[in-house]
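Visitor: Next up is a structure, given as structure tokens.
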Amino acid sequence: MKRLFSFFLFVPIFSFGQSFPTKPVHIVLPFGAGGVADITTRTLAPHLTNGLGQQVVVENMPGAGGIRAAETVANATPDGHTLLLLTNGNAVSQALFKSLPYDPVNDFAMISTVGYFSLVIVTGASSKYQTLGDVIAAAKKNPGKLNIGTITPGGTQHLAGELFRSTAGIDALVVPHKTTGEVIVAVRNGNVDLAIDFIAPLLSAIRSGQLRALAVTAAKRFPGLGDVPTVIEAGVPGYDVASWNALAAPAKTPRPVIDKVRAALIKALADPQVQKRYAELGVEGRASTPEELKDFYASETKRWTRVVERAGIPKQ
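Count the sequence shown with the working numbering and you get residues -15 to 300, in order.
And the structure:
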């Protein structure tokens, strides 16, 4: 009798996974249109549509540090038709906010990582700094004089600057700006000594010679800037920073549904058109298992919590 009961419990879940999806699938993004995460997700969407057999719709829901988007998905029906583009911003949120209207760990079912975005440290074309080693030497010789331009207090770029400052052992000031455009102008004009931002929005200025790339922040070089060393290669051991995004579903979403979305994602990431576009954006497309993503998310949360606490950023 127990075996028969278990069989009937299994059949509806299996059947549900086989029939999914039965309507359009929405991927909710915690960002506005036009950013790297938005572009990469929209690049994937038609390929996911082909893989799932239903239209995949990208829904932008910016604001409140990603809380609105995450809360929306956490409270959605756990049937796989509403997904969240999870980012390292979600991992940071636990350190930045006193309370959240959802459980960042237990309210989501992890699916897979999607891609990793390296950042780049640049200086102006007329800057005296030719290498990152020059920067570190100057900062140690003149404590408190170096300025590092970033955007978004508490965001990836800002925290990457704070982590560079502490890991390199230098006394420098991280100066947040409102937009990447403002950071580019500031570093070109010499109002800040360095800038740290994602590769994609800085790439044209680097290639045109307006900015000098000193190092990329990830553990391996970016193919589009093959002659630019990593921060580790430039003399700062242990510094490895890459933004990332992933897909997650509401908790209790059936595993067959999770597996079906993941299979479609793996196929989409392998498409040559997707790979070409990702390379142009400085993105490394890479899938994972749900279990790997769960462990990675936990480690990222701990890591950025330490950075936020060390930087003395007050909770909101």
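C-beta: ideal position from N, C-alpha, C; glycine also.
1. Out of 211, 238, 280 and 278, state which residue places its alpha-carbon closest to the alpha-carbon of residue 63.
2. According to DSSP, what are the bridge partners of residue 10?
3. Taking residue 133 as part of the alpha helix (DSSP H), name the residues at either end of that continuous run.
4. Taking the alpha carbon of residue 207 as the point to measure from, which residue in 21, 129 and 187 has its own alpha carbon closest?
5. Sorted by chain position, which residues of the same chain lie with C-beta nearer than 8 angstroms to residue 18's C-beta, five sequence neighbours on each side aside?
6. Ordered along the chain, which non-local residues of its own chain (more than five positions away) have a Cβ less than 6 angstroms from that of residue 295?
7. Between residue 204 and residue 20, what straight-line distance do the alpha-carbon atoms span, to the nearest angstrom?
8. Would residue 302 and residue 259 qualify as a contact pair, given that the criterion is a beta-carbon distance under 8 angstroms?
9. How many angstroms separate the CA atom of residue 172 from the CA atom of residue 81?
10. Should the segment 191 to 202 be regarded as contacting the segment 92 to 111, the criterion being three or more beta carbon pairs within less than 8 angstroms?
11. Pull up the DSSP beta-bridge partners for residue 182, would you.
12. Considering only C-alpha positions, which residue in the set 33, 24 and 16 is nearest to residue 244?
Guide: Walking through what the data contain:
1. Distances from the CA of residue 63 to each of 211, 238, 280 and 278 were compared; the closest alpha carbon is that of 238.
2. For residue 10, which the question treats as bridged, DSSP gives the partners 41 and 66.
3. In this chain, residue 133 is not harboured by any alpha helix (DSSP H); it is covered by the beta strand (DSSP E) spanning 130 to 135.
4. The shortest C-alpha separation from residue 207 is found at 187.
5. Same-chain partners within the cutoff: there are none.
6. Same-chain partners within the cutoff: 146.
7. About 20 angstroms.
8. The chain is shown from -15 up to 300; residue 302 falls before or after that span and cannot be answered.
9. Residue 172 and residue 81: Cα-Cα distance of roughly 34 angstroms.
10. Because the criterion of three Cβ pairs below 8 angstroms is met, the segment 191 to 202 and the segment 92 to 111 touch.
11. According to DSSP, residue 182 shares a beta bridge with 103.
12. Residue 33 is the option with its Cα nearest to residue 244.
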